[in-house]
Amino acid sequence: MKINKIILSFISAVAILLSTSVVSFAKVVGDKIVLGAAISLTGKYSSNGVHTQNGYNMAVDRINSMGGVKVGGKTYKFEIIYYDDESNPKRAAQLAERLISQDGVEFMLGPYSSGLTKAIAPVTEKYGVPMVEANGASRSLFTKGYKYLFAVLAPANLYLDVAIRTAVELNGGKGVRIAQAFEQDAFSQDVRLGILDAAKETGSEIIIDDKLPKELNDMAATLVKVKQMKPDVLVVSGHTKGALTAIRQIAEMKVDVPMLAMTHCDAAKLSKQHGKNSQYALCASQWHKTLTYKDNFFKDGMTYAADFQKEFGYDPPYQSAESSAALLVFKDAFERANSFDQKKVRDALAATNMQTFYGNIKFAPGGQNVDKPMVLFQVMCDGAGKCENKVVAPLKWASAKLIHPIPKWSER
Amino acid sequence: MNKNYILYALILIFGLAAPFIFPAFKVQLSILCVLIILAITWNIQGGEMGYNSFGNILFYGLGMYLCASVQVGMFFPLAEWTESGGEKTFVHTPSQFFQGMAVGLVVAAVIPTIVAGLIGYAILGLRGHYFAICTLGLGVAAGEISGGIEIIGAGQGFTTPPFPNVGGLEARGEFFYLLSFTALVLTFIAVRAVYSTRFKLILNAIRDNEDKAEAMGIQTMKYKIIGWMISAFFCGLAGGIMGGLVGYIDSTDVAFDGREMGVFMVLMAILGGKGTLWGPVIGATVFHIFKEGFWTFFLGWQYVALGVLIVVIVIYFPEGIMGWLREKYPERFGEVVDEADRKAQVELK
Numbered sequence: 001m002k003i004n005k006i007i008l009s010f011i012s013a014v015a016i017l018l019s020t021s022v023v024s025f026a027k028v029v030g031d032k033i034v035l036g037a038a039i040s041l042t043g044k045y046s047s048n049g050v051h052t053q054n055g056y057n058m059a060v061d062r063i064n065s066m067g068g069v070k071v072g073g074k075t076y077k078f079e080i081i082y083y084d085d086e087s088n089p090k091r092a093a094q095l096a097e098r099l100i101s102q103d104g105v106e107f108m109l110g111p112y113s114s115g116l117t118k119a120i121a122p123v124t125e126k127y128g129v130p131m132v133e134a135n136g137a138s139r140s141l142f143t144k145g146y147k148y149l150f151a152v153l154a155p156a157n158l159y160l161d162v163a164i165r166t167a168v169e170l171n172g173g174k175g176v177r178i179a180q181a182f183e184q185d186a187f188s189q190d191v192r193l194g195i196l197d198a199a200k201e202t203g204s205e206i207i208i209d210d211k212l213p214k215e216l217n218d219m220a221a222t223l224v225k226v227k228q229m230k231p232d233v234l235v236v237s238g239h240t241k242g243a244l245t246a247i248r249q250i251a252e253m254k255v256d257v258p259m260l261a262m263t264h265c266d267a268a269k270l271s272k273q274h275g276k277n278s279q280y281a282l283c284a285s286q287w288h289k290t291l292t293y294k295d296n297f298f299k300d301g302m303t304y305a306a307d308f309q310k311e312f313g314y315d316p317p318y319q320s321a322e323s324s325a326a327l328l329v330f331k332d333a334f335e336r337a338n339s340f341d342q343k344k345v346r347d348a349l350a351a352t353n354m355q356t357f358y359g360n361i362k363f364a365p366g367g368q369n370v371d372k373p374m375v376l377f378q379v380m381c382d383g384a385g386k387c388e389n390k391v392v393a394p395l396k397w398a399s400a401k402l403i404h405p406i407p408k409w410s411e412r
Numbered sequence: 001m002n003k004n005y006i007l008y009a010l011i012l013i014f015g016l017a018a019p020f021i022f023p024a025f026k027v028q029l030s031i032l033c034v035l036i037i038l039a040i041t042w043n044i045q046g047g048e049m050g051y052n053s054f055g056n057i058l059f060y061g062l063g064m065y066l067c068a069s070v071q072v073g074m075f076f077p078l079a080e081w082t083e084s085g086g087e088k089t090f091v092h093t094p095s096q097f098f099q100g101m102a103v104g105l106v107v108a109a110v111i112p113t114i115v116a117g118l119i120g121y122a123i124l125g126l127r128g129h130y131f132a133i134c135t136l137g138l139g140v141a142a143g144e145i146s147g148g149i150e151i152i153g154a155g156q157g158f159t160t161p162p163f164p165n166v167g168g169l170e171a172r173g174e175f176f177y178l179l180s181f182t183a184l185v186l187t188f189i190a191v192r193a194v195y196s197t198r199f200k201l202i203l204n205a206i207r208d209n210e211d212k213a214e215a216m217g218i219q220t221m222k223y224k225i226i227g228w229m230i231s232a233f234f235c236g237l238a239g240g241i242m243g244g245l246v247g248y249i250d251s252t253d254v255a256f257d258g259r260e261m262g263v264f265m266v267l268m269a270i271l272g273g274k275g276t277l278w279g280p281v282i283g284a285t286v287f288h289i290f291k292e293g294f295w296t297f298f299l300g301w302q303y304v305a306l307g308v309l310i311v312v313i314v315i316y317f318p319e320g321i322m323g324w325l326r327e328k329y330p331e332r333f334g335e336v337v338d339e340a341d342r343k344a345q346v347e348l349k
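Residue numbers (our numbering), protein chains in the order written: chain A, 1 to 412; chain B, 1 to 349.
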């Protein structure tokens, strides 16, 4: 029975391997505060994952270079351990576990997307690890009674609420006919629920209600229906791919619709990628560089955008801005708690009430930010074909007037 | 024979002690157990029976959803639990959690078994590539369908009941490890018992020449279906455990994850050596270690590294690790080798 020897030696090899792998305890080492983050560097959310990571890195560099975090009279610098969650919730949950139990991380930053945040939140909650997340907007995150989850962004159901209300207003207060298509994922489905609520309240009618697959690269079937049924508003949400696919196919098929409302236009760099084809698209955004919020680190939106452009070579989408804001929130909470005790930091986070370049931040008991409205911008192009996103709602920040209805393709 | 039992006892002790010796690795070890179960059960079709199934992920996902649904549904309205905008918060008491889990796991094992019987009756008449492609469709279809069923969360996903507040921080990890290790031991014992009967010979006969087997009077269809049902039973069980372990079920990314789990189970069995009892166990372990390693040291390139590993496996170990060892050290596998005969064979090649 020599085979036994093979198996035995194999098992002992595994045991040795496991026991020699280094278990380091990160948390607060020397003058460093180590945060953990699982980020989608590959997979379907990779572009937004990178926006998130750039946002985090930008803020870490800025805070560190401007004196770091002062706790108990000592100055600390931020550092982040990243792992790639491959846009997969299963992986994200494992990585959270790994960051906490193997790397000894005591404070976490959120991943990209609601689905992944949903997978990570139970883990951080179990270990009592405070997590400030900037990219999980699904409402269901905030109704689970999580105590250690804080989101700097407004919940997903509010994303396109304004768009529907604006459409109704422009329609003389009468309900509108809505066509909608949403990706089958936690975030987009929650945006959908927000539209359903808005439709109910305004007496609007939903005439097309389609679901789009996760690997989203075709929505022609929905658009054919839209051409036939001529709704007043077309709503599409499916992260970056959803926005790109919608614009590409609407232009190809010359679909005329008075209002087109979407999410993730800036993350998809729509105005750059599709130029004039993306004109008039209305987009929900957590942030826009022209908003007038201020803080000491990035000054204001315009300065942030310029610095970000210099560092990474593109205009920051709101995903980056909110991610940077998450670090500002952590810094503020550490300093107010004046301690690295997880419980104390958690309480300090819960009591956050501050303004950042990204907006005001104040958490509801569920963990969502209740002090920051969504903005809507519209893609507008000049004669030369140079396109820009201009805020059109709410009126307080509007830098341009909403163009409605969208001119027909034949008249463009 | 005695030596065998000593070996098994050693492994059992090692398995039971593992989470306490390597406390930081509990989750990885639990996942390893689940991976081994999947590899062992896939091997029943792919290795012993010669039917390359990509559909076993169906039973895994089904088990996952069933276990979680039962666990919630026994005590609370399922629809309100999964509803996104729901304002209510439900919390399982410890006894509710464990009762729900126990019943849930039974359901998670039994229903997929029945489903395997029904589907098997319909499609196990297909052979070769046709069967493989057909089963590939099963997993994809299940993912899309479950993504549209509101009561299990549809595209929103399904958050499984959080582990109750008992026994401190480490309790959850230890519970899930022991659960998955127990499931693994049960699977191994059951499959080993099955392999020691005539049943295995019949499966091998089907693999080697199905028509001849039929001509010998074997009702191949019956055995193929039973084989698949055995796989489904343990796949469902593994799925149920994994659902609780991950804590969040997404239709295509976690449950019917044909792109990852569905392919991994095939890879692991092939890496270890299909058609052997220990092959899938070793394959899954090596695979898991490599994968975790790539993940740590080649961040961003882990799939490239994994791809290279697969290419290396196919080129240098087409018969898997066990097959390679067997060829290299046949005497260790109890084969008597005549050196002259072996040389002659090598020259013939």
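Even for Gly, the Cβ is constructed at its ideal location relative to N, Cα and C.
Would you give the residue range spanned by the alpha helix (DSSP H) that Phe187(A) belongs to? What you label residue 187(A) is simply residue 187 of the first sequence in a count that begins at 1. Residues 186-202.
Give me whichever residues DSSP pairs with Val34(A) in a beta bridge. Translated into positions along the first sequence, residue 34(A) becomes position 34. Val34(A) pairs with Glu79(A).
Under a Cβ-count criterion, where at least 16 other Cβ atoms within 10 Å of its own Cβ denotes burial, should Ile430(A) be classed as buried or exposed? In the structure as shown, chain A begins at 1 and stops at 412. Residue 430(A) is therefore absent and cannot be evaluated.
DSSP state of Gln378(A) mapped onto helix, strand, coil: Taking the first sequence and counting its residues from 1, the one referred to as residue 378(A) is at position 378. Of the three classes helix, strand and coil, the one that applies to Gln378(A) here is strand, per DSSP.
Rounded C-alpha distance that separates Leu271(B) from Phe312(A): Here the question's residue 271(B) lines up with position 271 in the second sequence. Here the question's residue 312(A) lines up with position 312 in the first sequence. The alpha-carbon atoms of Leu271(B) and Phe312(A) are separated by roughly 42 Å.
Buried versus exposed, by CB contacts within 10 Å (16 or more), Gln156(B): Within the second sequence, numbered from 1, the residue matching residue 156(B) stands at position 156. The residue in question, Gln156(B), is buried, as its Cβ has 16 or more Cβ neighbours within 10 Å.
Apart from the five residues just before and just after Ala171(B), which ones in its own chain have a Cβ nearer than 8 Å to its Cβ? For the purposes of this step, residue 171(B) is taken as residue 171 along the second sequence, with counting starting at 1. Excluding residues within five positions, the ones whose Cβ falls inside 8 Å are Phe163.
Would you please verify whether the beta carbon of Ser140(A) is less than 8 Å from any beta carbon of chain B? Indexing the first sequence from 1 puts residue 140(A) at position 140. Judged by the 8 Å Cβ criterion, Ser140(A) is in contact with chain B.
Buried versus exposed, by CB contacts within 10 Å (16 or more), Gly273(B): Position 273 of the second sequence, counted from the first residue, corresponds to residue 273(B). Answer is buried; the Cβ neighbour count reaches 16.
Cβ of Val27(B) within 8 Å of any chain A Cβ: Counted from its first residue, the second sequence places residue 27(B) at position 27. By this cut-off, Val27(B) is an interface position.
For Gln219(B) and Phe234(B), what's the separation of their Cα atoms in angstroms? Translated into the one-based positions of the second sequence, residue 219(B) becomes position 219. Translated into the one-based positions of the second sequence, residue 234(B) becomes position 234. About 24 Å.
Would you mind working out which of Tyr51(B), Phe97(B), Leu62(B), Gly61(B) sits nearest Val72(B), comparing C-alpha positions? As a first step, residue 72(B) is located in the second sequence; it is residue number 72 there, counting from the start. Among Tyr51(B), Phe97(B), Leu62(B), Gly61(B), the Cα nearest to that of Val72(B) belongs to Phe97(B).
Going along chain A, which residues have a C-beta under 8 Å from Gly247(B)? Taking the first residue of the second sequence as position 1, residue 247(B) is located at position 247. Residues of chain A passing the Cβ test: Ala93, Ala119, Pro122, Val123.
Any idea what DSSP makes of Ala26(A), helix, strand or coil? What you label residue 26(A) is simply residue 26 of the first sequence in a count that begins at 1. Residue placement at Ala26(A) cannot be trusted, given a pLDDT of 47 that sits under 50; what the coordinates show is reported in the next sentence. Of the three classes helix, strand and coil, the one that applies to Ala26(A) here is coil, per DSSP.
Would you say Thr252(B) reaches chain A, if we count a Cβ-Cβ gap shorter than 8 Å as a contact? For the purposes of this step, residue 252(B) is identified with residue 252 of the second sequence, where counting begins at 1. Closer than 8 Å: yes.
According to the Cβ coordinates, are Phe363(A) and Tyr293(A) closer than 8 Å? As a working note, residue 363(A) is residue 363 in the first sequence. As a working note, residue 293(A) is residue 293 in the first sequence. It is not a contact, given that the beta carbons lie outside the stated cut-off.
CA-to-CA distance, Asn88(A) to Leu66(B), given in whole angstroms: For the purposes of this step, residue 66(B) is identified with residue 66 of the second sequence, where counting begins at 1. For the purposes of this step, residue 88(A) is identified with residue 88 of the first sequence, where counting begins at 1. Each residue's Cα considered, the two are about 21 Å apart.
Close Cβ partners of Ala26(A) (< 6 Å) along its chain, the five nearest in sequence each way excluded: Here residue 26(A) corresponds to residue number 26 of the first sequence, with the count starting at 1. Note on Ala26(A): pLDDT 47, under 50, position unreliable in the model; the coordinate value appears next. Answer for Ala26(A): Val34, Asp103, Gly104, Val105, listed in chain order.
How many Å lie between Leu138(B) and Gly55(B) at the Cα? Residue mapping note: residue 138(B) aligns to position 138 of the second sequence, counting from 1. Residue mapping note: residue 55(B) aligns to position 55 of the second sequence, counting from 1. Their Cα atoms are separated by approximately 6 Å.
Answer with yes or no whether the minimum CB distance from Pro162(B) to chain A is below 8 Å. Within the second sequence, residue 162(B) is the residue found at index 162, counting from 1. Yes, because at least one Cβ of chain A sits closer than 8 Å to the Cβ of Pro162(B).
Beta carbon proximity, Ser101(A) to chain B, threshold 8 Å: As a first step, residue 101(A) must be located in the first sequence, where it is residue number 101. It does; some Cβ of chain B falls within 8 Å.
Give the secondary structure of Leu393(A) by DSSP, where H, G and I count as helix, E and B as strand, and everything else as coil. The residue you call residue 393(A) lines up with position 393 of the first sequence. Looking at the sequence provided, one finds Ala at residue 393(A) rather than Leu. Strand.
Secondary structure at Glu319(B), three-state DSSP: helix, strand or coil? Within the second sequence, residue 319(B) is the residue found at index 319, counting from 1. Looking at Glu319(B) - three-state DSSP - the assignment turns out to be coil, as it is neither helix nor strand.
To which residues does DSSP link Ile131(A) through a beta bridge? Position 131 of the first sequence holds residue 131(A). It should be noted that the sequence gives Met, not Ile, for residue 131(A). Met108(A), Leu149(A), per the DSSP bridge assignment.
On the three-pair Cβ rule with 8 Å, is the stretch 283-303 of chain A touching the stretch 57-70 of chain A? yes
Where Pro394(A) and Leu376(A) are concerned, what is the direct C-alpha to C-alpha distance, given to the nearest angstrom? By one-based count along the first sequence, residue 394(A) stands at place 394. By one-based count along the first sequence, residue 376(A) stands at place 376. Computed Cα separation, rounded: 7 Å.
In whole angstroms, give me the CA-to-CA distance for Ser324(A) and Leu306(B). Taking the first sequence and counting its residues from 1, one reaches residue 324(A) at position 324. Taking the second sequence and counting its residues from 1, one reaches residue 306(B) at position 306. Rounded to whole angstroms, Ser324(A) to Leu306(B) spans 33 Å at the Cα level.
What residues are listed by DSSP as bridge partners for Arg177(A)? Looking up residue 177(A) in the first sequence gives position 177. According to DSSP, which records beta bridges pairwise, Arg177(A) is partnered with Glu205(A).
Contacting residues, own chain, Cβ-Cβ under 6 Å from Glu86(A) (five flanking each side not counted): Taking the first residue of the first sequence as 1, we reach residue 86(A) at position 86. Answer for Glu86(A): Thr42, Gly43, listed in chain order.
If you compare alpha carbons, which of Pro77(B), Glu319(B), Ala154(B), Val106(B) is closest to His92(B)? Taking the first residue of the second sequence as 1, we reach residue 92(B) at position 92. Nearest of Pro77(B), Glu319(B), Ala154(B), Val106(B) to His92(B), Cα basis: Pro77(B).
How do the stretch 304-311 of chain A and the stretch 364-372 of chain A stand: do at least 3 beta-carbon pairs fall below 8 Å, yes or no? no
Cβ-based neighbour list, Val23(A), same chain, cut-off 7 Å, excluding 5 preceding and 5 following: Here residue 23(A) corresponds to residue number 23 of the first sequence, with the count starting at 1. In this prediction, Val23(A) has a pLDDT of 45, which is less than 50 and means its spatial position is unreliable; nothing more can be read from the coordinates.
Short of 8 Å Cβ to Cβ, which residues in the stretch 332-345 of chain A face chain B? none
Determine, using beta carbons only, whether Gly487(A) comes closer than 8 Å to chain B. Only positions 1 to 412 of chain A appear in this structure, which leaves residue 487(A) out of reach.
By the three-class DSSP mapping on this structure, what secondary structure does Tyr314(A) have? Position 314 of the first sequence, counting from 1, holds the residue named residue 314(A). In this structure, Tyr314(A) counts as coil in the three-state DSSP scheme.
Specify, as a first and last residue, the run of the beta strand (DSSP E) that Asn88(A) falls within. Position 88 of the first sequence holds residue 88(A). Counting along the chain, Asn88(A) falls outside any beta strand (DSSP E), and DSSP gives it neither H nor E.
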